[in-house]
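Here is the structure we will look at.
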Amino acid sequence: MIGVIIGTNRHNSISKKIGLYYKQLLESLGAESQIIDLSDLPEDFAFSALYHNSGKNELFNEFQKIVDTTTKFVFIVPEYNGSFPGVLKTFLDGLRYPDSFHYKKAALVGVSSGVQGNANGLGHLNDVLSYMQTDVLGLRIKLGKIWDYFDGKDFNPRQTDEINAYTNAKKTADIYKAFLEKQARQLIEL
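Residue numbers for the sequence shown follow UniProt numbering, so the first one is 1 and each next one is one higher.
Written out as structure tokens, the structure reads:
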């Protein structure tokens, strides 16, 4: 089973839409997967499930059970203030340490409206996951200017009157799709 972690608790986020796309991609390649959506976390989990309250929040414990039974993960990570969302770090901190991600496999996908595709945030998250003894794939996908290339369901560039601009956007969208598929195949084969 591959868990697709939506790295934000923002409802109806582009990250969730990318996560649903990735889930479909995994299933088209014959892999079972499930969405782990941080927008489903209990609103007070930072206070009711961490530190001295570890194991006491039944809703958060359900997330722990999913992580316990999952061996591979895809993190869909939006850019928040030049890094990854705090809710994702808090989620990771709330899970049992050190075994929750110990020697499990992970793939990282950055998402941003800017050009870098959350490159900085993926580096930060890679450091955190490496500390947790997670094997992170070297191929990190950075989906920059996401709204120019993704229509909410698939990689279809925005229409434009300028043929060169559309042609270049179509090439970029196709490259994004190809790299996501390459990464998914690598994760499945691990």
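Glycine residues also receive a C-beta, built at the ideal position from the N, C-alpha and C atoms.
Query: DSSP three-state label for residue 67, please.; Result: helix
Query: Quick one: using the 10 Å Cβ neighbour count with 16 as the cut-off for buried, is residue 24 buried or exposed?; Result: exposed
Query: Which same chain residues end up closer than 7 angstroms to residue 85 when comparing Cβ atoms and leaving out the 5 residues on each side of it in sequence?; Result: 7, 8, 78
Query: DSSP state of residue 133, grouped into three classes?; Result: coil
Query: Hey, is residue 79's beta-carbon within less than 8 angstroms of any beta-carbon in chain C?; Result: Going by chain labels, chain C is absent from the structure shown, which holds only one protein chain.
Query: Can you tell me which of the three DSSP states residue 87 falls into?; Result: helix
Query: If you compare alpha carbons, which of 144, 102, 34, 123 is closest to residue 169?; Result: 144
Query: Using C-beta distances below 6 angstroms, list every residue in its chain close to residue 105, excluding the 5 sequence neighbours before and after it, in chain order.; Result: 72, 135, 190
Query: Quick check for students: name the residue ranges of the beta strand (DSSP E) that lie wholly in the UniProt domain "NADPH-dependent FMN reductase-like" (2–137), counting only runs of 3 or more.; Result: 2–6, 33–37, 72–78, 105–111
Query: Per DSSP, residue 143 is paired with what?; Result: 111
Query: Go ahead and label residue 33 buried or exposed: buried means 16 or more other beta carbons lie within 10 angstroms of its beta carbon, across all protein chains shown.; Result: buried
Query: Just the Cα atoms here: how many angstroms apart are residue 186 and residue 29?; Result: 11 angstroms
Query: Return the Cβ separation of residue 76 and residue 128 in integer angstroms, given the expectation that the two are a contact with Cβ distance under 8 angstroms.; Result: Incorrect: roughly 16 angstroms between the Cβ atoms, too far for contact.
Query: Under the rule that 16 or more other beta-carbon atoms within 10 Å means buried, what is residue 93, buried or exposed?; Result: exposed
Query: Return the CA-CA distance between residue 38 and residue 171, expressed in angstroms with no decimal places.; Result: 32 angstroms
Query: What would DSSP say about residue 190, mapped onto helix, strand or coil?; Result: coil
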